[in-house]
Amino acid sequence: MSTISRFHITQEKLCMILFAFILLSRASITTEFNYVPLNTTAVQTFYSLSMLGLYVSKKISTKKIGTMHWSTALSALLIIYIILFGAIFVNPPLAQYTNGILLRQMLFLMIVFSTVSVTVAYRLFDKMLLTAFYTFSFILFFQFATHITDLGLLNPLTVFSDSSRVRADYGFSHYNALGAFCACHIIIWMILKARHLIPFKHNILNVIVLLISVLMLLGSASRNAISSLIVYAICYGFMSLKETPNRRYFKLLLECLLLLFLFVFFVAGASNIPLTDLLNQSNRETLFEVALPTFFSSTRTMIGLGLASNEIYGMNLTPYPTYWLDNSYVYVLVTTGFIGIILYILMILVLFIGLRHVQLRAMRKHTISLTIMCLYSALFETTLFWAGVMQNYVYLLILLVAISGYFNNQYSNIFSKSIKETI
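Using full-length UniProt numbering, count along the sequence shown one by one with no gaps and you end on 423.
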């Protein structure tokens, strides 16, 4: 095992330290507390270059060259998408906003790709996931302790109420940001448990940390985060009860999606709120009444109205009245047109095909459940594959590592035909 200088910090440990550092830095954007009081662009650039250096060092020492995986295909599509709509198909009136989102997304992809590269090269998935869990636990505990009075706002019975929902943010930038953060923390724990890893030496510490996470999740009253966790659990449980051969994979996927839609209608019915009222309460009726009509009446249906953040569109700072585009699919269609939505469909297909090749059953079930959950959550927020949301730094790491062949007996490239399944 290689070491760095006299401090005996191994390269593997340095990878984990850097990962914790970047997560704390991103948490400074999500919360009111500045965990890393440094320029965010400089931090992201430093992190990406450092991880890239560690990756190159590993490749030189092992004299191995990487091969093509489904993660390579998905990464290429993500890069093609942002270059096309961030640098080529730019709508002049939105140029300043497009430049901003181009920089933000490129930095995000650099962070994710460099993290995935070192995770695969050094075989660090479990340790990186543990690092994420410890970092998230620290952030949640700190936010909980410094905003303990928000606990008095806890009232889970009002989550689906049409008028009396009570919410607490515990110092996060938004209630939904808190909810998504807690949901990600819980999912990390579930995957660690499936990997037979116990984060803290004493179970009581795990119970306390998870209890805080659940309390803060319920306090956020984030319908999206809470229902997404339920969707994740349903999908995983459904696949666990119905272990099937690979040839029935697509049938299983359709059954999971059907169950997902049934769950949405059940939630609406159980809370005695018509589905249209749920749209009105969340201001998402404007997607169908304003945003989509504006898009279809424009002359830019192929390449979209122009890439800009949801905040810019939400505050109507563009020439096009759309209001908030709180739906990833509508956002992609409106901002990047039919070409953009086709690329997104290809990304999703590549992701599912790659997950089909994951040999380790437990991880295949978790990653498929995670993907379906992300697709569900994207119905209500602009989150799918985008920077700006804390959970994507973890979710994309998990998914890209999974489709890189990490959980297979050997690294078989995307042209491999024989896939042996392991328990």
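Positions of the beta carbon are idealized from the N, C-alpha and C atoms, including for glycine.
For Leu197, name the three-state secondary structure that DSSP assigns.
-> Stepping through the sequence shown from its first residue, residue 197 is reached at position 197. Residue state, collapsed to three classes: coil.
Tyr35 versus Lys13 - alpha carbon distance = As a working mapping, residue 35 is identified with position 35 in the sequence shown. As a working mapping, residue 13 is identified with position 13 in the sequence shown. Those two C-alpha atoms are separated by around 21 Å.
Taking only the alpha-carbon atoms, compute the straight-line gap between Ser228 and Thr299 and give it to the nearest angstrom.
-> To locate residue 228, count along the sequence shown from 1; it is residue 228. To locate residue 299, count along the sequence shown from 1; it is residue 299. Roughly 36 Å between the two C-alpha positions.
Same chain, Cβ closer than 6 Å to Phe136, neighbours up to 5 away in sequence not counted | What you label residue 136 is simply residue 136 of the sequence shown in a count that begins at 1. If we look at Phe136 and ignore the five residues flanking it on each side, its Cβ neighbours are His185.
Since Tyr47 contacts Ile22 with CB under 8 Å, what's their CB separation in whole angstroms?
-> As a working note, residue 47 is residue 47 in the sequence shown. As a working note, residue 22 is residue 22 in the sequence shown. At roughly 5 Å, the Cβ-Cβ gap stays under 8 Å, so Tyr47 and Ile22 are in contact.
If you draw a straight line from the alpha carbon of Val338 to that of Lys201, how long is it in whole angstroms?
-> Along the sequence shown, read from residue 1 onward, the residue named residue 338 stands at position 338. Along the sequence shown, read from residue 1 onward, the residue named residue 201 stands at position 201. Val is not the amino acid found at residue 338; the sequence shown has Phe there. Distance between the alpha carbons of Phe338 and Lys201 is about 51 Å.
Top-ranked residue by Cα proximity to Ile148, from Asn39, Met216, Ala95 and Val159 | One-based indexing of the sequence shown puts residue 148 at position 148. The candidate whose alpha carbon is nearest that of Ile148 is Met216.
Would you say Pro321 faces chain C, with C-beta separation under 8 Å as the test?
-> The chain inventory of the structure shown lacks chain C, comprising one protein chain alone.
Among all the DSSP beta bridges, which residues are the ones paired with Thr31?
-> As a first step, residue 31 is located in the sequence shown; it is residue number 31 there, counting from the start. Bridge partners of Thr31: Phe172.
Under 8 Å by Cβ, that's how I've got Ala74 and Gly354 pegged, so tell me the actual separation to the nearest angstrom.
-> For this step, residue 74 is matched to residue 74 along the sequence shown. For this step, residue 354 is matched to residue 354 along the sequence shown. For clarity, residue 74 is Leu in the given sequence; the question names Ala instead. The pair is a contact, with the Cβ atoms about 7 Å apart (cut-off 8 Å).
How many whole angstroms separate the CB atoms of Lys127 and Met16, which I take to be in contact at a CB cut-off of 8 Å?
-> Sequence index remark: in the sequence shown, residue 127 carries index 127 (1-based). Sequence index remark: in the sequence shown, residue 16 carries index 16 (1-based). Yes, Lys127 and Met16 are in contact; Cβ-Cβ is about 6 Å, under 8 Å.
In angstroms with no decimal places, state the Cα-to-Cα distance between Leu317 and Trp324.
-> Position 317 of the sequence shown, counted from the start, is the residue given in the question as residue 317. Position 324 of the sequence shown, counted from the start, is the residue given in the question as residue 324. Whole-angstrom Cα-Cα distance: 11 Å.
Taking only runs that begin and end inside the region 83-165, name each unbroken alpha helix (DSSP H) of 4 or more residues, in chain order.
-> 95-121 and 125-146
Which residues bound the alpha helix (DSSP H) around Ser57?
-> Against the sequence shown, residue 57 aligns to sequence position 57. Its alpha helix (DSSP H) spans residues Thr40 to Thr62.
Taking Leu94 as the reference, which of Phe352, Met390, Glu289 and Thr335 has the closest Cα?
-> The residue given as residue 94 occupies position 94 in the sequence shown. The shortest Cα separation from Leu94 among Phe352, Met390, Glu289 and Thr335 belongs to Thr335.
Mind checking which residues open and close the alpha helix (DSSP H) that includes Met216?
-> Within the sequence shown, numbered from 1, the residue matching residue 216 stands at position 216. That run of the alpha helix (DSSP H) goes Asn203 to Ser220.
Beta-carbon contacts of Phe113 that lie in its chain and below 7 Å, excluding the five residues immediately before and after | Translated into positions along the sequence shown, residue 113 becomes position 113. Cβ neighbours of Phe113 beyond the five flanking positions: Ser75.
How about Met239 and Ile368: are their beta carbons less than 8 Å apart?
-> Stepping through the sequence shown from its first residue, residue 239 is reached at position 239. Stepping through the sequence shown from its first residue, residue 368 is reached at position 368. Yes, these two residues count as a Cβ contact at 8 Å.
Note the first and the last residue of the continuous alpha helix (DSSP H) segment covering Ile312.
-> Within the sequence shown, residue 312 is the residue found at index 312, counting from 1. It spans Asn310 to Gly314 - the alpha helix (DSSP H) in which Ile312 sits, taken as one unbroken run.
Taking only the alpha-carbon atoms, compute the straight-line gap between Asn99 and Gly86 and give it to the nearest angstrom.
-> Sequence index remark: in the sequence shown, residue 99 carries index 99 (1-based). Sequence index remark: in the sequence shown, residue 86 carries index 86 (1-based). Whole-angstrom Cα-Cα distance: 7 Å.
CB Met68 to CB Ser117, shorter than 8 Å?
-> Counted from its first residue, the sequence shown places residue 68 at position 68. Counted from its first residue, the sequence shown places residue 117 at position 117. Not closer than 8 Å, so no.
Once you ignore the five residues that flank Tyr134 on each side, which residues in its own chain have a CB closer than 8 Å to its CB?
-> Within the sequence shown, residue 134 is the residue found at index 134, counting from 1. Answer for Tyr134: Ala20 and Pro199, listed in chain order.
Distance, Asp326 Cα to Arg223 Cα | The sequence position of residue 223 within the sequence shown is 223, counting from 1. The sequence position of residue 326 within the sequence shown is 326, counting from 1. Approximately 14 Å between the Cα atoms of the pair.
In three-state terms, what does DSSP make of Phe295?
-> For the purposes of this step, residue 295 is identified with residue 295 of the sequence shown, where counting begins at 1. Correct three-state label for Phe295: helix.
Range covered by the alpha helix (DSSP H) that runs through Tyr393 = Translated into the one-based positions of the sequence shown, residue 393 becomes position 393. That run of the alpha helix (DSSP H) goes Asn392 to Ala402.
Which one of Arg364, Phe407, Gln359 and Val330 has the shortest CA to CA distance from Phe380?
-> If you number the sequence shown from 1, residue 380 lands on position 380. If we check each option's Cα against that of Phe380, Val330 comes out closest.
Expressed to the nearest angstrom, what Euclidean distance is found between the alpha-carbon atoms of Tyr376 and Ile204?
-> Numbered from its first residue, the sequence shown carries residue 376 at position 376. Numbered from its first residue, the sequence shown carries residue 204 at position 204. When rounded, the distance between both Cα atoms is 33 Å.
Separation of Met373 from Ile303, as counted between CA atoms | The sequence position of residue 303 within the sequence shown is 303, counting from 1. The sequence position of residue 373 within the sequence shown is 373, counting from 1. C-alpha separation (whole angstroms): 28 Å.
Enumerate in chain order the residues of its own chain whose CB-to-CB distance from Met347 is below 8 Å, with the five nearest sequence positions on each side excluded.
-> One-based indexing of the sequence shown puts residue 347 at position 347. Within the same chain, Leu74, Leu77, Leu78, Tyr81 and Phe385 come within 8 Å of Met347 by CB-CB distance, once the 5 residues on both sides are set aside.
Report the residue from Gly219, Asn39 and Met363 whose alpha carbon sits nearest the alpha carbon of Tyr170.
-> Position 170 of the sequence shown holds residue 170. Among Gly219, Asn39 and Met363, the Cα nearest to that of Tyr170 is on Gly219.
Answer yes or no: do Phe295 and Thr301 have a C-beta to C-beta separation smaller than 8 Å?
-> As a first step, residue 295 is located in the sequence shown; it is residue number 295 there, counting from the start. As a first step, residue 301 is located in the sequence shown; it is residue number 301 there, counting from the start. Against a cut-off of 8 Å, the Cβ pair of Thr301 and Phe295 comes out as a contact.
If you run the structure through DSSP and keep just helix, strand and coil, what is Ile17?
-> For this step, residue 17 is matched to residue 17 along the sequence shown. In this structure, Ile17 counts as helix in the three-state DSSP scheme.
My guess is that Tyr406 and Phe125 are in contact by the Cβ rule of under 8 Å, so how many angstroms apart are they, rounded?
-> Position 406 of the sequence shown, counting from 1, holds the residue named residue 406. Position 125 of the sequence shown, counting from 1, holds the residue named residue 125. That belief holds up - the Cβ atoms of Tyr406 and Phe125 are roughly 6 Å apart, short of 8 Å.
Beta-carbon gap between Asn91 and Gly306 smaller than 8 Å = As a working mapping, residue 91 is identified with position 91 in the sequence shown. As a working mapping, residue 306 is identified with position 306 in the sequence shown. Against a cut-off of 8 Å, the Cβ pair of Gly306 and Asn91 comes out as a contact.
For Glu381, three-class secondary structure by DSSP = One-based indexing of the sequence shown puts residue 381 at position 381. It is coil, neither helix nor strand.
Where Ser328 falls, given that 16 or more other Cβ within 10 Å makes a residue buried = For the purposes of this step, residue 328 is identified with residue 328 of the sequence shown, where counting begins at 1. Label assigned to Ser328: buried.
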